[in-house]
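Asks: Take a look at the following structure, please.
There are 2 protein chains.
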Amino acid sequence: MTEASHRIVLARRPQGTPVPGDFRLEGMAVPEPADGEVLARTIWLSLDPYMRGRISEGPSYAKGTAPGEPMQGEGVGQVLASRNASFAAGDFVAGHGGWQSHFVLHGDKLRRLDPKEAPLSTALGILGMPGMTAYTGLMAIGRPKAGETLVTGAASGAVGAVAGQIARLKGLRVVGIAGGAEKCRYVTDELGFDACLDRNQPDLAGRLRAACPDGVDIYVELTAGEPLWATLPLMNLFGRIPVIGGIANYNLNELPQGPDRSPLLMRQILIRRLTLRGMIVWDFSEMEAEFRREVSGWLRAGSIRYREDVTDGLENAPQAFIGMLEGRNFGKQLVRVSPDPTRPGQ
Amino acid sequence: MTEASHRIVLARRPQGTPVPGDFRLEGMAVPEPADGEVLARTIWLSLDPYMRGRISEGPSYAKGTAPGEPMQGEGVGQVLASRNASFAAGDFVAGHGGWQSHFVLHGDKLRRLDPKEAPLSTALGILGMPGMTAYTGLMAIGRPKAGETLVTGAASGAVGAVAGQIARLKGLRVVGIAGGAEKCRYVTDELGFDACLDRNQPDLAGRLRAACPDGVDIYVELTAGEPLWATLPLMNLFGRIPVIGGIANYNLNELPQGPDRSPLLMRQILIRRLTLRGMIVWDFSEMEAEFRREVSGWLRAGSIRYREDVTDGLENAPQAFIGMLEGRNFGKQLVRVSPDPTRPGQ
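Chains as they are written, first to last, in the numbering used here: chain E, 6 to 351; chain D, 6 to 351.
Below you can see the structure in the form of structure tokens.
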């Protein structure tokens with residue numbers, strides 16, 4: 006094999022917000038698949054906020070990445086060589102290939118993709134982990150009922166946009182919170198939310214109150230920070246809060262100063278009889294078939310939309326990752342590691 | 006009717022911790038029952054932490070008490086006069102009679118008590134609202150499984166003591182937190198908890214960690230404050246936290262200074278995939294028959310115990326209420342408003 010391979014490793018643990026020097030690009034030989042394994046060239050790499058937790062010390066969802074190890078992440082690739090009867094060269098696959106130009110995984114860890122069914126990159130977005138996170142968090146924890154009101158932060162992002170659109174399809178009033186006027190226009194005009202509030206403008210709490218005349222029944226927690234505090238006083242009795250993310254907290258080294266708002270949070274949970282539940286998508290893996298059937302149906306029918314924010318080149322993944330943690334992405338953050346042969350000319 | 010009647014009204018809204026001057030004793034004529042109503046003399050008055058919320062401004066569970074109105078509360082009384090065919094003079098009844106020496110309620114709002122089945126006062130404690138709160142919070146939100154570990158604050162109190170004992174009967178390891186060595190001895194020696202930690206001694210977090218070698222699956226939130234923070238880092242994946250009370254927060258006028266611990270709370274909910282759910286007992290009213298059957302069975306079998314802290318005289322109710330909010334009661338707080346004829350000599 007003559008292709009050169011490269012990958013991005015964690016150079017050191019970030020202190021607070023990651024900086025480019027926390028990552029390092031390394032060259033390496035293209036790996037060889039063993040029996041049962043498959044070698045693929047990465048086309049698309051997914052960047053997701055949860056990865057921030059994996060590169061910190063301390064408990065997170067899953068085994069973390071130590072300095073010197075390649076960054077973890079899900080990708081879509083094309084098979085170059087297969088020692089697994091279920092896959093052949095040329096096949097498209099999705100799997101946890103990491104921040105690498107090539108990856109080797111056992112066939113059991115790969116999902117075959119059919120580019121005729123949906124664009125390959127959707128396997129990392131609306132038909133992948135972020136879409137299923139939105140679907141399961143909304144359906145299993147949010148338990149939406151027609152006529153209720155849902156608020157989601159990160160409304161133009163990979164999870165919030167899907168949660169809100171599904172809630173609208175289920176007959177809810179849906180109000181998004183997003184960073185900036187352009188994102189808000191997209192959320193209302195393209196995604197069809199009933200309203201979207203710019204979190205960078207003053208008096209988020211007052212504007213949210215005006216946008217939710219019947220209170221809030223479901224709040225999708227993705228961002229941490231002000232959207233939660235603006236929504237909490239509006240929560241109706243028996244409201245549900247799927248706690249899916251907390252981007253603003255991921256980079257916290259120490260607790261912020263100022264008044265301790267935890268008694269306020271606990272008191273609201275008590276008085277309003279709220280349910281908060283932390284989750285990751287695999288807590289609901291039994292819902293995967295239902296998710297794929299429902300969401301791909303809506304996608305084919307054109308009743309649900311998505312947007313991708315594409316950064317070209319593996320070497321630019323750290324900067325894209327940092328930008329995403331700061332909310333600079335606009336839509337599902339992807340890195341195009343090599344050309345997508347199913348999207349010629351792009 | 007020649008009996009004089011008296012009652013305690015809210016004189017003004019408390020600022021922070023209530024003081025005796027926030028309450029006022031008033032004399033009045035004994036009220037007359039209208040058609041369908043029953044007049045009773047109060048024997049036992051129940052004092053419960055939730056009442057603190059009812060005398061503040063702002064949202065609480067239910068309609069509050071305004072200055073000049075009688076304090077609300079559940080009591081046990083004996084019928085003096087009845088204009089309801091279901092009740093006769095001499096009957097014992099439980100109902101929301103308020104802080105009054107006599108009360109008139111419609112028969113539909115009363116529950117008849119049989120003193121042969123259980124002491125009258127248990128209708129306000131282990132077989133009443135606090136007991137059912139413990140039962141429903143534990144069973145419906147805590148969902149205990151044998152072999153798990155439960156931690157409860159206010160372990161010698163009316164709710165914590167019952168939740169812990171039921172959890173032990175269900176095969177859990179049960180660790181209490183209580184204020185003072187005497188309460189802790191009672192919790193382990195009389196109630197049979199596996200351990201009980203004095204919250205007034207240093208390093209609650211370290212002692213709790215040592216007492217919970219397998220982590221914590223259920224934390225019963227009754228007290229707010231340090232027990233929550235000591236337990237949070239010990240919570241196992243998918244832990245459940247019924248949020249039943251928050252005594253330490255009830256008197257808060259403003260948020261405490263110091264670091265903001267709310268991001269820590271939200272991050273733990275996310276990382277450990279915890280479920281927090283606020284509740285009041287009537288959210289689970291469909292469980293009332295099951296509660297009464299199970300707990301009265303355990304009570305008759307001697308496998309569950311309770312303790313009462315009795316203050317004599319309606320005029321002393323405010324002081325007893327204030328003491329309870331400060332944790333000075335030891336067991337279910339009651340006021341004996343008039344002698345209990347089923348407990349002669351007491």
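Don't be surprised by glycine CBs; every beta carbon is placed ideally from N, CA and C. It should be emphasised that the depicted structure is a prediction, and the values quoted were computed from it without experimental measurement.
Per DSSP, Q105(E) is paired with what?
Replies: Bridge partners of Q105(E): R12(E).
Asks: When the Cα of W104(D) is compared with those of A151(D), V164(D), A183(D) and V14(D), which residue comes out closest?
Replies: Considering only alpha carbons, the answer is V14(D).
Asks: Distance check for F28(E) and P232(D), CA to CA, integer angstroms please.
Replies: Whole-angstrom Cα-Cα distance: 40 Å.
Asks: Mind checking which residues open and close the alpha helix (DSSP H) that includes T228(E)?
Replies: Neither: T228(E) is in no alpha helix (DSSP H) and is coded neither H nor E.
Asks: 8 Å is my cut-off, CB to CB: does L275(E) come that close to chain D?
Replies: For L275(E), the answer is yes, since a Cβ of chain D falls inside 8 Å of its Cβ.
Asks: Do you know offhand how far S301(E)'s Cα is from V167(E)'s?
Replies: For S301(E) and V167(E), the distance between alpha carbons rounds to 12 Å.
Asks: The stretch 181-212 of chain D: which residues have C-beta closer than 8 Å to a C-beta of chain E, in chain order?
Replies: Within the stretch 181-212 of chain D, no residue has a Cβ that lies closer than 8 Å to any Cβ of chain E.
Asks: From E187(D), G197(D) and R12(D), pick the residue whose C-alpha is nearest to that of Q206(D); which is it?
Replies: For Q206(D), the nearest C-alpha among the options comes from E187(D).
Asks: Just how far apart, CA to CA, sit M76(E) and L304(E)?
Replies: Answer to the nearest angstrom: the Cα atoms are 31 Å apart.
Asks: Does the distance from the CB of R5(D) to the CB of L227(D) come in under 8 Å?
Replies: Because chain D is modelled from 6 through 351, residue 5(D) falls outside the range shown and cannot be assessed.
Asks: Check whether the stretch 331-341 of chain D touches the stretch 127-140 of chain D, taking contact to mean three or more Cβ pairs, one atom from each stretch, closer than 8 Å.
Replies: Yes: at least three Cβ pairs fall under 8 Å.
Asks: Taking only beta carbons into account, state which residues of the stretch 271-297 of chain E come closer than 9 Å to chain D, listed in chain order.
Replies: Residues passing the 9 Å Cβ filter: M271, R272, Q273, I274, L275, I276, R277, R278, L279, T280, L281, R282, G283, M284, I285 and D288.
Asks: Is it right to say Y66(E) is buried, meaning 16 or more other beta carbons lie within 10 angstroms of its own, or is it exposed?
Replies: With a pLDDT of only 49 at Y66(E), under 50, the local geometry of the prediction cannot be trusted, and no value is derived from it.
Asks: Threshold first: 4 residues or longer. Then list the alpha helix (DSSP H) segments lying entirely within the stretch 264-291 of chain E, N to C.
Replies: The qualifying runs are 267-276.
Asks: So which of A163(D), V248(D), A93(D) and G112(D) has the shortest CA-CA distance to G147(D)?
Replies: Checking every option, the nearest Cα to that of G147(D) belongs to V248(D).
Asks: Under a three-way DSSP split, which group does G100(E) fall into?
Replies: Three-state result, G100(E): strand.
Asks: Starting from the beta carbon of V81(D), find every residue of chain E whose beta carbon is closer than 8 Å, and list them in chain order.
Replies: Near V81(D) there are no residues of chain E at all, since even the closest Cβ is about 27 Å away, more than 8 Å.
Asks: Tell me, to the nearest whole angstrom, how far the beta carbon of G184(D) is from that of G332(D); I am working on the premise that it is less than 8 Å.
Replies: Yes, they are in contact, since the Cβ atoms of G184(D) and G332(D) sit about 5 Å apart, within 8 Å.
Asks: I'd like to know whether the C-beta atoms of H107(E) and V35(E) end up nearer to each other than 8 Å.
Replies: A contact, by the Cβ cut-off of 8 Å.
Asks: Any C-beta of chain D within less than 8 Å: which residues of the stretch 214-226 of chain E qualify?
Replies: So the close ones are E226.
Asks: Taking all protein chains shown into account, decide if Q262(D) is buried (16 or more other Cβ within 10 angstroms of its Cβ) or exposed.
Replies: That one is exposed.
Asks: Look up N241(E) in the DSSP assignment and say whether it is helix, strand or coil.
Replies: Here N241(E) sits in strand by DSSP.
Asks: Return helix, strand or coil for R305(E), following the three-state DSSP convention.
Replies: Residue state, collapsed to three classes: helix.
Asks: For G142(D), collect the residues of the same chain with a Cβ closer than 7 Å to its Cβ; drop the 5 residues on either side in sequence, then sort them by chain order.
Replies: A168, V225, P247, I249 and M284, listed in sequence order.
Asks: Taking only beta-carbon positions, decide if L260(D) is within less than 8 Å of chain E.
Replies: It does: the Cβ of L260(D) has a partner Cβ on chain E nearer than 8 Å.
Asks: Could you tell me whether the Cβ of D53(D) comes closer than 8 Å to any Cβ of chain E?
Replies: No, no contact with chain E.
Asks: Could you give the DSSP three-state label for A34(D): helix, strand or coil?
Replies: If DSSP states are grouped into helix, strand and coil, A34(D) belongs with the strands.
Asks: Taking the beta carbon of P19(E) as the centre, do at least 16 other beta carbons fall within 10 Å, making it buried, or is it exposed?
Replies: The residue is buried, with at least 16 neighbouring Cβ atoms inside 10 Å.
Asks: Please compile the residues from chain E whose C-beta is within a distance smaller than 8 Å of the C-beta of D265(D).
Replies: Going along chain E in sequence order, the residues near D265(D) (Cβ under 8 Å) are L260, P261, Q262, G263, P264, D265, R266 and S267.
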